[in-house]
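Asks:
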Amino acid sequence: MTTAGPDPAGDLAFIPLGGTGEIGMNLNVYRCDGKLLAIDCGIGFGGPENPEIEVMVPDPVWLAERRDRLVGLVITHAHEDHVGAVAHLWPMLRCPIYAGPFVTAVLRRKLGEAGLLGEAKIITVPLGGRLTLPNFDLEFLRVAHSVPEAQAVAIRTRHGIVVHTGDWKLDPEPLIGEPTDEAAFARLGEEGVLAMVCDSTNALVEGHSGSEAEVRRNLTAIIRSLKGRVAVSCFATNVARVESITRAAMAAGRQVALFGRSLRNAEAAARECGYLRDIPPYVPEEEAGFIPDDNLLLICTGSQGEPRSALAKIGADTHPQIALGEGDTVIFSSRMIPGNERGILLLQDQLARRGCKVMTADDHMVHVSGHPARDELKRLYQLVRPKYAVPVHGEWRHLSEHAALAKDLQAIPVLVEDGDVLQLAPGRPDVVEGVPTGRLAVDNGRLLPITGGVLAARKRMLFNGVVMASFAVDEAGRVLGTPQVSAPGLLDGDDHIGAQLAADLARAVGDLPSGLRREDDALREAARSVLRKAIGRRLRKRPNVEVHLLRV
């Protein structure tokens, strides 16, 4: 593989910039005869390996440098790992955005919060519609998923057809929206498909993913049997699940309140697009606490243990409007996203300590996946009959298992990683070059390199602490008074080691050559070195060291 040079003008290529090898941060690029088309733009989460980071986005530097050739950004559906990074990265791309009605409703709220709604151009594409862009003819295909209006994209080019599935499943009763349009996929198969770039999330799961209708029946039976307050946590954009929970509560004589901003935003987008028509207005948060316990159900954000979510605040008993305790029940109507296990289990333990009964998909039928299991993958391959298969959206074990399945179904699999340029045509598919990729951390509106100085310092402070020293010197560099040394996270306030470090610092400064003591920068660096060595000797740590020098 070589590093990227000038882009070829006469090929068709697939370039994943985020989303292969790990779940989340989907950003895919297709190149056809020099023009570029981006599909999806999502976020990921830091997880245990990056505790200093809450939200990450793919680094779009390669694509941003070529935005004059970028004909558009297509969003397949409204999940955060496909749409969550748009507001963060669009200022670097500045291209038209194409999406279905529900995604548009969700995205307008995100861009509005970011102050970009007046700048970004969003074109709403009808469900199952067609779109012609330079070098690309796009057909949108209806697919079932755990969010309304998910769509696959058939990309027609002069080199052949590529089917980009996005996230999908075969659900005979999705409850909201229609089932996956198998006839449209079969029609493409008859037309001839060069390659299918396909979801791998459940490639290890035998059988079928299950139906939303089955979850609704089970939730109705479970909630009818419960006493006390009931809280159910699910993904905010799973409108079918929100409706199922609401209908189950209403059948049990319970009123329903939504807790969490993302749920309220998803509800507003759903009603705007004509969903939830038969559902009465939800009880406002501030009124929920006055409803009798046996007549109340809460739908909460926080199914992934997010620390600032509504359910996390309830678990910590810090929510200003509502509390749960002995005799109440919390249902996690969701799966654990890889990397979030620790946070979810800690939250469930908190709730159990408060006396709540915790129910999960491990012991009750309260969730089905929105991704295809192996029987569904087999069915799609039988319909589409692609010549080549490109597994995406999964960890490496999912991709490799998907590749083996595709080979059994007479497709030639090609495995790629983020940054690979997979030339699909002309000729046999091959990774012909590599482009720079990476991840950026979202930090209070800023985008920071994960390996950059700010986050590296934060991670070092997390594990090794920070030492701060202040001291004053006269014009000759003689120390005046006693230096002050503090080390939060390393030393207690009355720790005698702090006084010893201050004495070490004063003594070391006094031993420095007189010329060096007259140079502020050199004196500060010498003081840092003294403190690093002293902390290393006494505590065997390598903390961040900050020195404040005052020359009097």
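If you count the sequence shown from 1, you need to add 1131 to reach the working numbering. All C-beta atoms, glycine included, are put in the ideal place defined by N, C-alpha and C.
(1) With distances taken between CB atoms, is the gap from V1205 to L1269 smaller than 8 angstroms?
(2) Ordered along the chain, which non-local residues of its own chain (more than five positions away) have a Cβ less than 8 angstroms from that of L1530?
(3) Using alpha carbons as the reference points, say which of K1252, H1290, L1540 lies closest to N1113.
(4) Whole angstroms are fine: how far does the CA of R1197 sit from the CA of P1544?
(5) May I have the straight-line CA-CA distance separating L1680 from R1655, to the nearest angstrom?
(6) In terms of alpha-carbon separation, which member of K1518, K1358, R1348 lies closest to L1427?
(7) Count the other C-beta atoms from every protein chain shown that fall within 10 angstroms of the C-beta of I1254, then say buried if there are 16 or more, exposed otherwise.
(8) Whole angstroms are fine: how far does the CA of I1354 sit from the CA of R1392?
(9) How far does the beta strand (DSSP E) with K1488 in it extend, from its first residue to its last?
(10) Where do the N-terminal and C-terminal ends of the beta strand (DSSP E) with M1496 fall, by residue?
(11) Pick helix, strand or coil for E1196, following the three-state DSSP scheme.
(12) Would DSSP call D1561 helix, strand or coil?
(13) If we ignore side chains and look at the alpha-carbon of each, how far apart do L1476 and A1633 end up?
(14) Given that a residue counts as buried once 16 or more other Cβ atoms are within 10 Å of its Cβ, and exposed if not, what is N1575?
(15) Does DSSP put S1393 in a helix, in a strand, or in coil?
(16) F1176: buried (16+ other C-beta within 10 angstroms of its C-beta) or exposed?
(17) DSSP state of D1635, grouped into three classes?
(18) Secondary structure at E1081, three-state DSSP: helix, strand or coil?
(19) In terms of residues, what are the limits of the beta strand (DSSP E) holding E1244?
(20) With distances taken from CA atoms, which of A1401, G1550, A1520, L1621 is nearest P1279?
(21) Using 8 angstroms as the cut-off, can you tell me whether the stretch 1239-1252 makes contact with the stretch 1283-1302, which would need three or more C-beta pairs spanning the two stretches below that distance?
(22) Exposed or buried, T1133, counting other C-beta atoms within 10 Å across all chains shown (16 or more means buried)?
(23) Which stretch, first to last residue, makes up the alpha helix (DSSP H) that contains K1166?
(24) Which of the three DSSP states is assigned to E1677 in this structure?
(25) Specify, as a first and last residue, the run of the beta strand (DSSP E) that S1617 falls within.
(26) Between A1236 and E1403, is the Cβ-Cβ spacing less than 8 angstroms?
(27) Tell me the residue span of the beta strand (DSSP E) that contains H1295.
(28) Which class does E1313 belong to by DSSP, given the choice of helix, strand or coil?
(29) Buried or exposed for E1343, please, with buried defined as at least 16 other CB atoms from any protein chain shown within 10 angstroms of its CB.
(30) Enumerate in chain order the residues of its own chain whose CB-to-CB distance from G1456 is below 6 angstroms, with the five nearest sequence positions on each side excluded.
(31) Have a look at the DSSP bridge pairing and note the partners of P1412.
(32) According to DSSP, is A1600 part of a helix, a strand, or is it coil?
(33) May I have the straight-line CA-CA distance separating V1515 from Q1554, to the nearest angstrom?
(34) Under 8 angstroms, do I1453 and A1371 count as touching if we go by C-beta distance?
(35) What residues in its chain sit with their C-beta under 7 angstroms from that of H1498, if we drop five residues either side in the sequence?
(36) DSSP puts L1429 in a beta bridge; with which residues?
Replies: In short, the structure shows the following:
(1) yes
(2) T1151, G1152, S1331, A1334, P1522, V1523, L1546
(3) Any answer about residue 1113 is impossible in this case: the structure gives the chain only from 1132 up to 1683.
(4) 29 angstroms
(5) 7 angstroms
(6) K1358
(7) exposed
(8) 24 angstroms
(9) 1488-1490
(10) Taken as a continuous stretch (DSSP letters only), M1496 belongs to no beta strand (DSSP E), as it is neither H nor E.
(11) coil
(12) strand
(13) 43 angstroms
(14) exposed
(15) helix
(16) buried
(17) helix
(18) Missing from the structure shown is residue 1081; the chain here goes from 1132 to 1683 and no further.
(19) Note, E1244: premise wrong, no beta strand (DSSP E); alpha helix (DSSP H) at 1232-1244.
(20) If we check each option's Cα against that of P1279, A1401 comes out closest.
(21) no
(22) Unreliable positioning characterises T1133 in this predicted model, as indicated by a pLDDT of 38, which lies under 50. The coordinate reading is nonetheless provided below. So T1133 ends up on the exposed side.
(23) Run containing K1166: none in the alpha helix (DSSP H); it sits in the beta strand (DSSP E), 1166-1170.
(24) strand
(25) Taken as a continuous stretch (DSSP letters only), the beta strand (DSSP E) holding S1617 covers 1610-1617.
(26) yes
(27) Counting along the chain, the beta strand (DSSP E) containing H1295 begins and ends at 1291-1295.
(28) helix
(29) Residue environment: E1343 is assigned as buried (16 or more neighbouring CB atoms within 10 Å of its CB, all protein chains considered).
(30) The beta carbon of G1456 lies closer than 6 angstroms to those of R1485, G1486 in the same chain, with the five residues before and after it left out.
(31) The partner list for P1412 (beta bridge, DSSP) is empty, contrary to what the question assumes.
(32) strand
(33) Using only the alpha carbons, I get a separation of about 21 angstroms.
(34) no
(35) Hits under 7 angstroms: V1346, S1464, S1465, R1466, A1492.
(36) A1362, A1388
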